[in-house]
Structure formats: C-alpha cells, structure tokens
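Numbering (this note's numbering), first residue to last: 246 to 948.
Every residue gets a Cβ at the ideal spot worked out from N, C-alpha and C, and that includes glycine.
Read the structure below first, then the notes.
Below, the structure written as structure tokens:
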C-alpha cells in the first residue's frame with residue numbers, strides 16, 4: 246500500500262449530515278472510494294445504496310479494499326427498543342442483549358456492518374441529554390449491560406461470529422468520562438482524579454474490552470485538561486497497553502478537528518499528530534490525518550510503525566467481518582420492516598423496563614372491564630415515543646400510542662381522550678372513573694446537544710396534572726421521558742405514577758400491559774431522581790463528608806444539607822414498587838473474614854439471602870448487593886453496587902439468591918497514573934436489599 250492508501254484507510258467520511266455539524270460528504274465520499282483513499286463511511290444504510298458505493302471501492306480502486314459502513318444503531322434499527330436508560334431499569338442485561346441481537350440482524354441486512362454502540366458513560370448528571378443513551382449512575386450496572394450489548398451485536402469475545410449475517414461490530418463509547426461533563430453541558434470539561442477515573446468511569450469499558458468489543462470511540466471532553474482525542478494516557482497507556490485492546494479507536498464526529506477549538510492543537514497538522522500518536526486509529530468526518538499525514542511522516546512527527554499499526558487494526562476488523570470474502574449485502578434478503586417477533590421482543594423489553602414509583606390504595610392494576618377511562622395529556626395519543634437516537638425506523642414506523650393501546654386493552658370501557666387543553670382534560674377526567682395522564686418529554690429534549698437547565702416537566706404539564714387532581718377522581722401519571730425528572734407538588738396527590746421512559750415502537754402496548762396487570766412492573770431506577778435541580782449532582786454512590794447529615798437530628802446546623810430542601814432524593818437509585826410485596830432476609834456470609842492474600846489468589850466470600858413473595862400475585866423483585874469500605878486510604882462511596890439479580894416468584898414462594906464477593910468487589914484503584922489496584926485490610930459492610938437505601942447489612946473483615 247502507498248502512504249496515501251494507508252492514510253485513506255484511517256479516513257471515515259459521512260454520507261449524510263444527519264448526526265453532526267455540517268452537511269453530508271456524498272461526492273467527496275464517492276471520489277475517495279474510487280481513488281482507494283477511504284476506509285469507512287457512516288450514515289449510509291440500505292442494501293442497494295451501500296452495495297452501490299461498495300462497488301466503487303472494490304471494483305474501481307487500485308487495491309479493491311472494501312469499505313466499512315457504520316451507523317448509530319443505539320436501541321434499534323427498524324424496531325425501536327426502549328432507550329438504553331430504560332433498559333437499565335430492567336436490571337436484566339438480557340433486555341440489552343435482545344435489543345442488540347434484533348438490531349444487528351436488521352442493520353446487517355441493510356448493509357451496516359458496524360454500530361456506534363453501546364454507549365457506557367456513567368453519569369451523575371440528569372441535565373445531560375445523553376443520559377438517555379446511558380445506563381445511569383453506576384459502573385457495575387453499566388458494565389453488565391455493556392457486556393450484554395456487545396455480545397448481542399458481536400457474539401463470542403473471540404470474534405468468531407463477526408462474519409455472520411446477524412452480527413455487526415460494536416463500538417464502546419465515549420472513551421472516557423464524557424458523562425462527567427461540568428454542568429451537564431454537552432462536550433464540556435471533565436476534571437477527574439485518577440482514582441475516580443478508574444473506579445467510576447473506566448469499569449464498563451474494561452468489561453466491554455473483555456467481552457471482545459471490536460472498536461472504541463474517543464470522547465468529546467477533556468480529561469484533566471487533555472482532550473480525549475489527544476489523550477495518550479487513556480488511549481495508549483490504559484486501553485491499548487494495560488488492557489491489551491487489539492481493536493481500533495475511532496474519533497467522534499470531527500473530534501480530531503476539535504482539538505484546535507479545545508486550545509490543544511494549533512492547526513490541523515498538529516491535531517492529526519496529537520491524535521495519531523496518542524492512540525487514535527480512525528478519523529471521523531474531519532480529514533486532518535489524511536491531509537497532513539504524508540508531511541508529518543516526512544518531517545518525522547509520526548512514524549510509519551504507528552501508521553501501519555492503525556491500518557492493521559482497521560484491516561483486521563474488515564477481515565473478521567468477512568468483507569474481503571463478500572463485501573456486498575444480499576438485497577433480496579434485506580429486512581424491510583419490524584417483524585412480529587421483533588415487535589414482541591420490544592414490547593416485552595419495554596414493559597420489563599418500567600418502574601412503578603407510586604401506587605396509593607393499589608389503584609393499579611386497572612380493571613380491563615372498567616366502565617370509563619380518560620386518557621389525557623400531550624403524549625396520550627403520541628406515536629413518537631421511540632426516544633432519542635431511535636434509528637431509521639423511527640421516521641417510518643410510528644410507535645403505538647397509549648390511547649390506542651388502552652382502548653385495545655379495555656374494549657368494553659368508555660375511553661375518552663383529551664390533549665393538553667385544560668378544559669377538555671378536566672371534563673374528561675371528571676366524567677371518568679379513572680384518568681391516565683401521559684406527560685413527559687419530546688424525544689428531541691434528550692440525546693446529544695439536548696441539555697436542559699430545568700429538568701421539570703415542560704411548560705403546561707404541571708398545570709394539567711394539578712387540574713386533573715382537582716377533580717378528586719383517581720388518576721395515574723405515566724411519564725414518558727429520556728432522563729430523571731424533578732416532579733412537582735402534584736406527586737403527593739397522584740394515585741399512581743409509572744415511569745415508562747421512552748419505550749420504543751411498542752410503547753402504548755407496553756404501558757397498557759403494565760397498567761392493566763398483564764405485566765407486574767419489576768423495574769428499578771438506575772438513576773437518582775432529585776427533589777430539585779439545585780441538588781444536582783445527586784447520586785447514591787457518593788463519598789461521605791466529615792459532617793454527614795443525620796435524619797434523626799434534622800435540626801443540626803453544621804452538617805452537609807440544604808436550608809430550604811429536605812435531605813435526600815425524591816426517589817433513590819434501585820427504587821421501584823410492584824403490584825405484590827416481598828420480604829428479603831438479612832444477608833448471610835459464608836465466612837466473617839478473609840485474608841487479603843486469599844482474595845489476591847481469587848478466593849471469594851459467598852453472600853446469600855432469601856426472598857419471599859408475600860403478596861397475592863406473581864411478580865419480580867430485584868435483589869441488590871452493596872458494599873461500603875468503612876475506613877480506607879482513599880475515602881470510599883457510602884454504597885457501591887456489586888451485584889444484582891432479578892427473580893420471579895409466585896405468591897407465597899421463596900428463593901435463595903447468592904452472590905460472590907472477590908478482590909474486585911473489596912478493593913479499589915488508587916491515584917497512581919500507572920494503575921494500582923489495592924485491597925486493604927479492615928471492615929467492609931455488606932448490604933443487601935431492594936434499593937440503595939437498604940439498611941440490612943453484616944460486616945466482613947479483610948485480614
């Protein structure tokens with residue numbers, strides 16, 4: 246290969262301008278493909294379109310190296326599943342795996358071989374729009390879902406199934422700490438210590454690498470003053486050297502060019518040098534490496550060894566995907582629409598992801614033979630409940646509305662509808678036995694470049710709920726949103742509240758399944774719901790202060806609290822109700838102490854407990870395991886999730902749930918930039934329960 250052809254493999258251009266600033270590069274893409282100066286194209290799909298462009302690269306360029314087509318398939322291609330934040334609410338990684346498997350099959354049939362998913366940015370910022378794409382605020386939960394998503398897209402960690410017709414390459418993004426952007430503002434600064442980087446932000450990426458993820462995408466933010474796209478510590482030292490990552494690192498959209506705006510690079514040539522020497526292998530959309538690479542080589546500012554390494558990584562994935570054997574898609578085998586099975590999987594996943602926040606007097610589930618039901622609110626009849634980054638299917642295949650699904654679930658009931666008009670909504674609610682109020686956010690209010698300074702319900706919706714409440718009739722609030730919300734004073738008057746998130750293509754059906762009891766909700770919150778924006782950031786896995794607030798002594802002045810707001814969140818991490826009740830026993834340890842040397846050898850301690858369904862209907866409970874290192878050389882979070890299991894129990898039945906605690910659960914990373922993991926002697930409190938606020942614990946001592 247010539248130097249220019251090698252540089253071409255590093256270049257990715259965009260067919261359309263759908264996912265970033267500027268327009269598409271269609272003509273430039275075709276010309277580069279014909280000249281053999283292009284490695285990858287994003288934002289193109291459709292078997293016919295991708296085949297046409299692929300023929301140019303394979304049949305008209307000198308070497309005939311096939312192109313790699315990528316697309317943001319985040320939670321569905323044709324079949325939109327619930328947003329990733331909702332999927333995390335299921336506390337069931339199989340939900341993410343099913344999404345990835347369906348998405349991979351649909352996308353692969355339409356020419357897509359590579360998705361820019363999963364997004365695994367741990368975040369404590371509900372104002373950040375991209376929280377919708379994340380799994381919330383916990384690294385353990387995020388890691389479990391990252392592994393499931395990677396396996397669903399790619400298959401086994403060895404990559405042996407990547408060439409199959411139902412597999413695509415995954416991309417772990419955004420590397421790293423993008424979820425820590427100051428103020429929740431997209432693309433903003435992240436100032437983070439090494440121990441926080443390693444204990445909070447890196448674990449999901451390490452899990453994805455261990456699961457064989459094919460690619461990693463750099464983040465838009467700075468990390469301790471160094472932009473991620475030029476950060477040799479994270480890309481080279483940690484990812485490639487320490488972890489042994491063999492895939493390639495791709496920039497985010499114009500991320501290399503943005504090193505100039507960051508004030509890190511003086512011009513495009515320096516941006517290219519910094520990115521490439523720091524470990525970046527492919528440049529998305531901007532063209533600095535391709536334009537300046539030859540001169541950088543001549544001047545000795547980059548080496549041929551580094552260039553060859555980047556190209557080898559890219560070509561290896563193309564071989565693994567089978568592109569050199571068959572670069573084209575079978576146009577006759579394209580999946581053109583959501584199948585019945587795919588819709589069923591999305592519907593089940595959405596219902597499994599919903600969280601019951603309130604249910605006074607057990608108003609839910611509703612009776613399917615109810616006499617009259619009002620369905621009101623701005624999203625009552627919406628068919629746009631797919632959520633952000635919902636794939637090409639969102640514009641072609643409407644989501645099922647809540648109104649239509651309620652009518653279908655209760656065919657004998659008189660179902661009235663009103664939108665956001667207060668007079669009409671109040672009239673409908675006053676005449677009905679129960680009212681379903683569907684409120685929340687438009688999909689455009691979450692996702693990339695969708696930061697909100699106020700995360701309450703958008704204009705007019707609080708007033709709508711208050712007006713319905715004033716009728717004195719029972720009402721159920723269904724939230725359809727892409728982030729945690731600050732819920733107003735109406736919450737205490739609501740008979741029931743269901744967090745449905747943005748549920749995907751089968752939205753209405755899934756909501757109705759839960760409202761009418763076909764599905765007993767078992768989801769839990771993967772994020773904290775604050776009482777007010779002023780509390781943010783508010784998250785369960787925080788460190789204690791030297792003067793912690795004591796709920797038993799609220800009058801105490803010199804403690805960490807607000808003067809004008811009750812302490813704690815509106816709803817904590819791990820919280821969620823059910824239509825039945827459960828009893829969870831205190832945890833039992835297989836041993837009360839363990840030697841540090843035994844942990845280093847791989848030995849573990851078993852934690853077991855019993856869960857009993859004490860109610861009158863079958864249901865799911867999520868058992869959660871937390872630890873707290875009581876005294877450590879680096880102050881540890883008051884709780885750290887280290888395990889979870891969702892169990893289904895019939896009324897009166899019990900089961901035993903067991904977890905294993907090992908070195909990774911009882912140790913932590915220090916501030917050593919070279920990466921030092923330590924297990925310290927002393928007491929760790931082991932907590933089990935059904936939310937992060939559990940008090941049931943027993944001590945474990947490392948000796």
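Which one of the options has the shortest CA to CA distance from residue i?
| i | options | result |
| --- | --- | --- |
| residue 908 | 577, 850, 930 | 850 |
| residue 748 | 284, 294, 324 | 324 |
| residue 771 | 427, 599, 836 | 599 |
| residue 642 | 696, 326, 309 | 326 |
| residue 582 | 628, 765, 355 | 355 |
| residue 629 | 684, 248, 438 | 684 |
| residue 670 | 621, 520, 808, 686 | 621 |
| residue 652 | 734, 688, 753, 489 | 753 |
| residue 606 | 719, 348, 861, 659 | 719 |
| residue 820 | 944, 577, 602, 357 | 602 |
| residue 318 | 466, 618, 636 | 636 |
| residue 361 | 618, 697, 414 | 414 |
| residue 284 | 528, 407, 346 | 528 |
| residue 291 | 457, 351, 477, 510 | 351 |
| residue 257 | 298, 822, 313, 475 | 313 |
| residue 757 | 249, 416, 500, 612 | 612 |
| residue 937 | 779, 873, 914, 948 | 873 |
| residue 867 | 877, 855, 861, 928 | 855 |
| residue 848 | 251, 859, 858, 835 | 835 |
| residue 733 | 690, 778, 716 | 778 |
| residue 925 | 888, 881, 898 | 881 |
| residue 913 | 929, 898, 900, 902 | 929 |
| residue 852 | 942, 404, 401 | 942 |
| residue 469 | 588, 427, 713 | 427 |
Pull up the distance between the alpha-carbon of residue i and that of residue j, whole angstroms please.
| i | j | result |
| --- | --- | --- |
| residue 707 | residue 894 | 37 Å |
| residue 263 | residue 530 | 12 Å |
| residue 315 | residue 638 | 16 Å |
| residue 785 | residue 813 | 9 Å |
| residue 883 | residue 494 | 35 Å |
| residue 421 | residue 384 | 13 Å |
| residue 579 | residue 296 | 12 Å |
| residue 842 | residue 879 | 20 Å |
| residue 905 | residue 425 | 30 Å |
| residue 934 | residue 267 | 50 Å |
| residue 668 | residue 342 | 45 Å |
| residue 870 | residue 397 | 26 Å |
| residue 478 | residue 686 | 38 Å |
| residue 886 | residue 624 | 34 Å |
| residue 560 | residue 301 | 18 Å |
| residue 689 | residue 246 | 44 Å |
| residue 901 | residue 577 | 50 Å |
| residue 202 | residue 472 | Any question about residue 202 goes unanswered here, given that the chain covers just 246 to 948. |
| residue 380 | residue 335 | 10 Å |
| residue 818 | residue 448 | 19 Å |
| residue 587 | residue 751 | 10 Å |
| residue 481 | residue 523 | 6 Å |
How should residue i be labelled, buried or exposed, when 16 other C-beta atoms within 10 angstroms of its C-beta is the threshold for buried?
| i | result |
| --- | --- |
| residue 740 | buried |
| residue 450 | buried |
| residue 387 | buried |
| residue 704 | exposed |
| residue 353 | buried |
| residue 916 | exposed |
| residue 462 | buried |
| residue 503 | buried |
| residue 659 | exposed |
| residue 498 | buried |
| residue 308 | exposed |
| residue 299 | buried |
| residue 944 | exposed |
| residue 509 | buried |
| residue 248 | exposed |
| residue 922 | exposed |
| residue 845 | exposed |
| residue 614 | exposed |
With 8 Å set as the bound, which would you pick, yes or no: does the beta-carbon of residue i sit closer than that to a beta-carbon of chain C?
| i | result |
| --- | --- |
| residue 248 | Although the question refers to chain C, the structure presented lacks it and comprises just one protein chain. |
- Between the region 587-595 and the region 361-370, do three or more beta carbon pairs fall short of 8 Å? Verdict: no, contact absent.
- Is the region 391-398 close to the region 796-803, with three or more CB pairs under 8 Å? Look at the beta carbons and you see the region 391-398 not touching the region 796-803: under three pairs across the two are nearer than 8 Å.
- Every unbroken beta strand (DSSP E) inside the region 660-733 [3 residues or more]: For the region 660-733, whole beta strand (DSSP E) runs of length 3 or above, ordered along the chain, are 679-685, 720-725.
- Could you give the uninterrupted runs of the alpha helix (DSSP H) lying entirely in the region 741-800, keeping only those of 4 residues or more? 752-760, all fully within the region 741-800.
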